[in-house]
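The structure appears right after this line, and notes come after that.
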Amino acid sequence: MFGFDLTALRRGSTVVALACLLVTASAVPARATSPVIEAAAGAWLGSPQTWTMNLYRGDAVRSQNPDWRACTAAATMSMLNLIAYSTDEVVPPVMGGAPQSNLHWTVDTSFGRQEDILAFERNHMTTGRWVDGTDPHGWRNALNWYGWGSLEAGVYRDTSLKTFEDAAWRVVAALARTHKPVGILAWAGSHAQYVTGYEATGADPRVSDNFRVDAVYVTDPWRPDGIHNYRVSYAMWRKGPATVRFAPYWQTDYTGRDPIDGAVGYIEWRGKYVIEEPVR
């Protein structure tokens with residue numbers, strides 16, 4: 001979502017500039033506890049098992065091309081499309097009527113809608129207009145507005161974690177427990193990707209904190225890299241090529257205070273692992 005030199009970044013250079021700045025944050029506990037989850041975890045017995053889940057569907061994916069600025073907008077569309085294909089957003093009938101969906105979004109992969117979303121993000125971000133893309137708050141706002149009709153819907157929030165271990169665990173836990181894709185700040189915070197699936201060992205991530213992340217399935221809106229439903233091992237996600245490595249956010253130019261979470265972006269994001277986290 002920002003502008004940066006992708007070739008330089010892949011060489012490990014600290015010089016940056018391409019165009020797809022995104023990110024997320026909110027200094028929240030790395031592993032929030034829940035009485036329901038803890039009770040279920042305590043009931044788990046037996047040898048470690050392997051748990052897998054993947055929401056990916058090829059017909060849900062929108063690539064940002066030809067707009068190099070629109071990685072967050074394309075990611076927003078794809079993430080909401082996957083949720084729309086799920087039955088999890090359907091609530092029981094009211095007064096004998098047909099089931100109603102909490103989700104305001106209907107499946108759309110059009111370029112026009114992508115550009116509308118990018119404009120919305122830019123009008124609801126906390127960084128300067130000189131940036132070609134948007135910031136984490138703009139991405140979060142688009143997910144909540146287009147998905148649930150309100151900037152304060154609270155379905156997605158930007159979350160920052162201090163360590164890779166906590167960030168990887170948080171991504172899988174959020175995906176398992178909400179059945180919604182998780183946005184991640186890739187390319188050191190300069191590009192949007194999202195996680196649709198996982199492989200984990202131990203107890204069931206849906207109900208227990210006692211699991212180990214083995215791999216995730218990542219999709220990148222930037223078509224030339226061909227990263228669609230790509231299995232990324234834990235080790236590769238941590239130390240692999242820049243195109244798939246989840247590295248700490250390094251940007252410093254988000255100086256506006258967000259009216260929703262009250263945070264100043266660069267203070268909460270700088271040097272941390274940032275995700276767009278579904279919380280319900």
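Heads up: the sequence shown at position 215 corresponds to 215 in the working numbering, and the numbers run straight through without jumps. Backbone N, C-alpha and C fix where the C-beta goes; we use that ideal spot for every residue, glycine too.
#1: Indicate whether the contact test is met: 3 or more Cβ pairs, each with one atom in the segment 217-226 and one in the segment 133-148, closer than 8 Å.
#2: Report the CB separation of Val195 from Pro205 in whole angstroms; it is logged as a contact under 8 Å.
#3: My output table needs one value for Ile260: the three-state DSSP class, helix, strand or coil.
#4: When you compare the CB positions of Glu276 and Arg140, do they come within less than 8 Å of one another, or not?
#5: For Leu278 and Leu175, what's the separation of their Cα atoms in angstroms?
#6: Would you identify the three-state DSSP class for Gly149, choosing helix, strand or coil?
#7: Per DSSP, which one or two residues make a beta bridge with Arg157?
#8: To which residues does DSSP link Ser233 through a beta bridge?
#9: Locate the alpha helix (DSSP H) running through Trp187, then write down its first and last residues.
#10: Please report the residue range of the beta strand (DSSP E) in which Ala200 lies.
#11: Please classify Trp59 as buried or exposed, where buried requires at least 16 other C-beta atoms within 10 Å of its C-beta.
#12: Evaluate contact between the segment 186-194 and the segment 64-83, counting only Cβ atoms and requiring at least three cross-stretch pairs below 8 Å.
#13: Rounding to the nearest angstrom, what Cα-Cα distance links Thr243 and Ala188 in this structure?
#14: Going by DSSP, what residues sit across from Val61 in a beta bridge?
#15: Take every Cβ of the segment 72-80, pair it with every Cβ of the segment 114-123, and state whether three or more of those distances are shorter than 8 Å.
#16: Please state whether the Cβ-Cβ distance between Trp250 and Val213 is less than 8 Å.
#17: Between Trp148 and the rest of its own chain, which residues show a CB-CB distance below 8 Å, the 5 nearest in sequence each way excluded?
#18: List, from N- to C-terminal side, the alpha helix (DSSP H) runs of 4 residues or more that fit wholly inside the segment 105-130.
#19: For Arg257, is the classification buried or exposed, using 16 other Cβ atoms within 10 angstroms of its Cβ as the cut-off for buried?
#20: Buried or exposed for Ala32, going by 16 or more other Cβ atoms inside 10 Å?
#21: Label Ala203 either buried or exposed according to how many other C-beta atoms from any shown protein chain fall within 10 Å of its C-beta, with 16 as the threshold for buried.
#22: Helix, strand or coil for Trp51 per DSSP?
Considering the structure as presented:
#1: Not touching, per the Cβ criterion.
#2: The residue labelled residue 195 in the question sits at position 195 within the sequence shown. The residue labelled residue 205 in the question sits at position 205 within the sequence shown. At roughly 13 Å, the Cβ-Cβ gap does not stay under 8 Å, so Val195 and Pro205 are not in contact.
#3: The residue given as residue 260 occupies position 260 in the sequence shown. Three-state result, Ile260: coil.
#4: Counted from its first residue, the sequence shown places residue 276 at position 276. Counted from its first residue, the sequence shown places residue 140 at position 140. Cβ atoms of Glu276 and Arg140: closer than 8 Å.
#5: For the purposes of this step, residue 278 is taken as residue 278 along the sequence shown, with counting starting at 1. For the purposes of this step, residue 175 is taken as residue 175 along the sequence shown, with counting starting at 1. Note on identity: in this sequence residue 278 is Pro, with Leu being the wrong assignment. Taking the straight line joining both Cα atoms gives about 7 Å.
#6: Start at 1 with the first residue of the sequence shown, and residue 149 comes out as number 149. Here Gly149 sits in coil by DSSP.
#7: Residue numbering aside, residue 157 sits at position 157 when the sequence shown is read from its first letter. Its beta-bridge partners are Glu277.
#8: On the sequence shown, residue 233 is found 233 positions in, with the first residue counted as 1. BP columns for Ser233 point to Ala215.
#9: Numbered from 1 along the sequence shown, position 187 holds the residue referred to as residue 187. First-last for Trp187: undefined, no H or E at that position.
#10: For this step, residue 200 is matched to residue 200 along the sequence shown. Per DSSP, Ala200 belongs to the beta strand (DSSP E) from His191 to Gly202.
#11: Taking the first residue of the sequence shown as 1, we reach residue 59 at position 59. A small correction: the amino acid at residue 59 is Asp; Trp does not occupy that position in the sequence shown. Exposed is the call here.
#12: Here the segment 186-194 lies against the segment 64-83, with 3 or more beta-carbon pairs under 8 Å apart.
#13: Against the sequence shown, residue 243 aligns to sequence position 243. Against the sequence shown, residue 188 aligns to sequence position 188. In this model, Thr243 and Ala188 are separated by some 10 Å (Cα to Cα).
#14: Position 61 of the sequence shown holds residue 61. In the DSSP assignment, Val61 forms no beta bridge with any residue.
#15: Result yes; three or more Cβ-Cβ pairs closer than 8 Å.
#16: If you number the sequence shown from 1, residue 250 lands on position 250. If you number the sequence shown from 1, residue 213 lands on position 213. No, the pair does not count as a contact, with Cβ atoms beyond the cut-off.
#17: Within the sequence shown, the letter at position 148 stands for residue 148. Excluding sequence neighbours, Trp148 sits near Asn102, Leu103, His104 and Val155.
#18: List check, alpha helix (DSSP H) in window: 111-123.
#19: Here residue 257 is taken as the residue at index 257 of the sequence shown, counted from 1. Exposed, by the Cβ-count rule.
#20: For the purposes of this step, residue 32 is taken as the residue at position 32 of the sequence shown. Bear in mind that the predicted position of Ala32 carries a pLDDT of just 39, short of 50, making it unreliable; the figure below should be weighed with that in mind. Its Cβ having fewer than 16 others within 10 Å, Ala32 is exposed.
#21: Taking the first residue of the sequence shown as position 1, residue 203 is located at position 203. Ala203 is buried by the Cβ-count criterion.
#22: If you number the sequence shown from 1, residue 51 lands on position 51. Note: Trp51 maps to strand in three-state DSSP.
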